[in-house]
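If you count the sequence shown from 1, position 159 lands on 159 in UniProt numbering, and the numbers rise without skipping. Every residue gets a Cβ at the ideal spot worked out from N, C-alpha and C, and that includes glycine. Here the structure is a predicted model, which means the values were calculated and not measured.
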Amino acid sequence: MIGPLGATRAMAAEPIKTAGVYTVPVEQQWVSRIHQAALTAQARGDIAYSFSENVSNTDYARVLREYAEAGNTLIIGEVFGAEQEAREVAADYPNVAFLMGSSFKEDAALPNFAVFDNYIQDASYLSGIIAGAMTETGNIGMVGGFPIPEVNRLMHAFMAGAREMNADITFQVSFIGSWFDPPKAKETAFAMIENGADMLYAERFGVSDAAKEKGVLAIGNVIDTQAEYPDTVVASAIWHFEPTLDKAIAEVQAGSFTAADYGIYSFMNEGGASLAPLGTFEGKVPENAMELVMKRQAEIKSGDFVVEINDEEPKSS
């Protein structure tokens, strides 16, 4: 637990000096949501925010250390490719709160290192219902970055939703081995369309471009791109990082930040996920699908329906 430092700040009501360290550009889907939440908190006066983007995994620990040395007392980021190194840095700066995207869990032996993840399987499941209702060929292509838990669980939830509408849907699943390679994602999507897909799950940038060019539909992930693809993106599962960050800010302000799993703040019933407005597709999704979406959404929020969290790598089927 980070005590005196946080308690002093709470009494002074000063903005928390906060740094973001990202391995990709801040416009990349996943990181953009963290970045946006930080900008919102800064606009409220809760934090003073600076960031570094496109930091390589080999450089990640060095950049973390530099921000800690510079007096930042809250550092956010994603350590999927530099997990051990990041935790070693955190151990050297016990009065700095680290809130990191991670595939692993918190460790009580490292009390200033909390983890989070985008558990938006609830919204992904709802978007899958819409996809299952909108595909005419029953063939859906799914393009992801890497088969890690935070991607796998969203794909499985989407697939489960789609099967609610059509148990016989075929899925083409492929991972491009990159978090930000739109040309490769686009090329992979083209191959799926050639193989019969008329609906694409756009976990990566580039997929919706392929769908647009070939006149097929797409489902977005993490951010809402409907305005950019009004004739292509039917629905999107949106991640809201604000509940996660706001919880960390409150803990730092109170001097009570400690090792914890912040993943639950991405759940729909915590305000961490939502289904984006359908926009130009309003009224075009079959009525029975939208009725099921509304029913399941209410049940998810009440706790009467729980979307399965499956972190195993999804396969084509």
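Query: For residue 339, collect the residues of the same chain with a Cβ closer than 7 Å to its Cβ; drop the 5 residues on either side in sequence, then sort them by chain order.; Result: With the chain represented from 1 up to 317, any question about residue 339 goes unanswered, as that position is not in the structure.
Query: Please work out which residues of its chain come closer than 6 Å, Cβ to Cβ, to Asp304, disregarding the five sequence neighbours upstream and downstream, and give them in chain order.; Result: none
Query: When you compare only the Cα positions, how much space is there between Ala10 and Glu251?; Result: At Ala10, the pLDDT of 43 sits below 50, so the modelled position is not reliable and the matter cannot be decided from this model.
Query: Quick check: Phe175 and Phe146, are their CB atoms within less than 7 Å of each other?; Result: yes
Query: Of all Cβ atoms in chain B, is any one closer than 7 Å to the Cβ of Asn269?; Result: Judged by its chain identifiers, the structure shown contains no chain B, having just a single protein chain.
Query: Among all the DSSP beta bridges, which residues are the ones paired with Ile140?; Result: Phe171, Met199
Query: Can you give me the Cβ contacts of Asp117 inside the same chain, cut-off strictly under 6 Å, excluding the 5 residues immediately before and after it?; Result: Glu150, Gly263
Query: Would the C-beta of Ala162 count as close to the ligand SAH, meaning under 6 Å from any of its heavy atoms?; Result: This structure does not include the ligand SAH; it has no bound ligands of any sort.
Query: Give a yes or no on contact between the region 274-286 and the region 228-237, applying the rule of three or more CB pairs nearer than 8 Å.; Result: yes
Query: When the Cβ atoms of the region 253-263 are set against those of the region 100-118, are three or more pairs found closer than 8 Å?; Result: yes
Query: Would a C-beta distance cut-off of 7 Å place Ile127 and Leu154 closer than the cut-off?; Result: Note that residue 127 is Ser in the sequence shown here, rather than Ile. No.
Query: I need the DSSP call for Leu99, collapsed to helix, strand or coil.; Result: strand
Query: Report the three-state DSSP secondary structure of Val79 (helix, strand or coil).; Result: coil
Query: Just the Cα atoms here: how many angstroms apart are Gln297 and Ala157?; Result: 14 Å
Query: Residues in the same chain with beta-carbon distance under 6 Å from Ala162, minus the five sequence neighbours each way, listed in chain order, please.; Result: Gly128, Ala131, Gly132, Ile169
Query: So Ala37 packs on Phe241, CB below 8 Å; how close in whole Å?; Result: 4 Å
Query: Where Asp198 and Asp261 are concerned, what is the direct C-alpha to C-alpha distance, given to the nearest angstrom?; Result: 38 Å
Query: Rank Tyr93, Ala82, Met100 by C-alpha distance to the C-alpha of Trp30 and give the top, closest one.; Result: Met100
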